[in-house]
Amino acid sequence: MAVKPQLMEQVCQPLRQQVDFSSKLVLSIAAGIQVSRFYQLLGDNLNMVRIMPNTPSLVGKGMSGLYAPAQVSRQDCEFTGELMGFGRQGCAGWDDENGINGVIAAAGSAPAYFFLFMESMQQEAERMGFSSQQARELVQQAASGAAALVEANPQLALSTLREQVTSKGGTTAEALRVLNEQRLPDTVAKAMQAAVARAQEMEKSF
Numbered sequence: 000m001a002v003k004p005q006l007m008e009q010v011c012q013p014l015r016q017q018v019d020f021s022s023k024l025v026l027s028i029a030a031g032i033q034v035s036r037f038y039q040l041l042g043d044n045l046n047m048v049r050i051m052p053n054t055p056s057l058v059g060k061g062m063s064g065l066y067a068p069a070q071v072s073r074q075d076c077e078f079t080g081e082l083m084g085f086g087r088q089g090c091a092g093w094d095d096e097n098g099i100n101g102v103i104a105a106a107g108s109a110p111a112y113f114f115l116f117m118e119s120m121q122q123e124a125e126r127m128g129f130s131s132q133q134a135r136e137l138v139q140q141a142a143s144g145a146a147a148l149v150e151a152n153p154q155l156a157l158s159t160l161r162e163q164v165t166s167k168g169g170t171t172a173e174a175l176r177v178l179n180e181q182r183l184p185d186t187v188a189k190a191m192q193a194a195v196a197r198a199q200e201m202e203k204s205f
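Position one of the sequence shown corresponds to residue 0 (numbering that gives the first Met the number 0), numbered consecutively onward.
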């Protein structure tokens, strides 16, 4: 089930009449629609797993949250895990369904946060005199390299990696001072909370 949430009921109505779901495994990547709602739309005998992927899955670098009700067999759980790339891409495990909304905030919507930050950096680099291509390459490699450092050093806290880049009284320290003065950490927290709140609102709407 991979359509926009507002279209889900329209899609499910004819399916319920035409498909016997008792022997099927149904996967949903729709945000804001709980399994209980799918029971109403497609029948109580539904064998369903909810998945919350993100767009980097398109290039093998995704992160997904998964939820399977108790009646879903271990075999179906393992199949879904294989499909979503356990061992190759990130998966948040068989979370409590309420945790799916947290996955949306921390991973599902998160690429857009990074794209916005990178977009802002590229725009400022262009104002500094770099061409659009040069600015994009600078920002893209900085982001890619930072992510690679995180992945290569799982034993180090993110704060430690940040501190390793930051010399007292240096340029990085000055840039971070401005970001903290502008309350970037608080803004990020509020954005993630807003994503969760919106997902909860959608659950009530659909």
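Positions of the beta carbon are idealized from the N, C-alpha and C atoms, including for glycine.
Beta-bridge analysis with DSSP links V48 to L26. With a threshold of 16 other beta carbon atoms within 10 Å, V71 meets it and is buried. Per DSSP, L6 lies in no beta strand (DSSP E) and is assigned neither H nor E. Note: G168 is not bridge-paired with any residue in the DSSP secondary-structure output. K203 has its alpha-carbon roughly 31 Å from the corresponding atom of F85.
Around the beta carbon of M127, a 10 Å sphere encloses fewer than 16 other beta carbons of the protein chains shown; the residue is thus reported as exposed. In this structure, V138 and Q121 form a Cβ contact; the two beta carbons are roughly 5 Å apart against a cut-off of 8 Å. Taking C-beta atoms as the reference points, S63 and M47 fail to come closer than 8 Å. If you draw a 10 Å sphere on the C-beta of G59, you find fewer than 16 other C-beta atoms in it, and that means exposed.
Short of 7 Å from the beta carbon of T159, and not among the five residues preceding or following it, lies no beta carbon of its own chain. Pairwise C-beta distances place the segment 191-205 out of contact with the segment 21-28, as fewer than three of them are shorter than 8 Å. In the structure shown, the three-state DSSP call for F205 is coil. Excluding residues up to 5 positions away in sequence, E96 and E202 lie with their Cβ nearer than 7 Å to the Cβ of Q33 in the same chain. Rounded to the nearest angstrom, the gap between the Cα atoms of Q9 and M0 is 12 Å. Using a 10 angstroms sphere on the CB of N152, the tally of other CB atoms stays under 16, which defines it as exposed. Put simply, of K167, A146 and Q132 the residue whose alpha carbon is nearest the alpha carbon of L157 is A146. At a Cβ-Cβ threshold of 8 Å, N53 and A109 count as neighbours.
The C-alpha of T170 lies about 15 Å from the C-alpha of E180. Annotation for M62: the continuous beta strand (DSSP E) segment containing it runs M62 to Y66. When C-alpha distances from S56 are compared across A142, G31, R36 and M83, the shortest belongs to M83.
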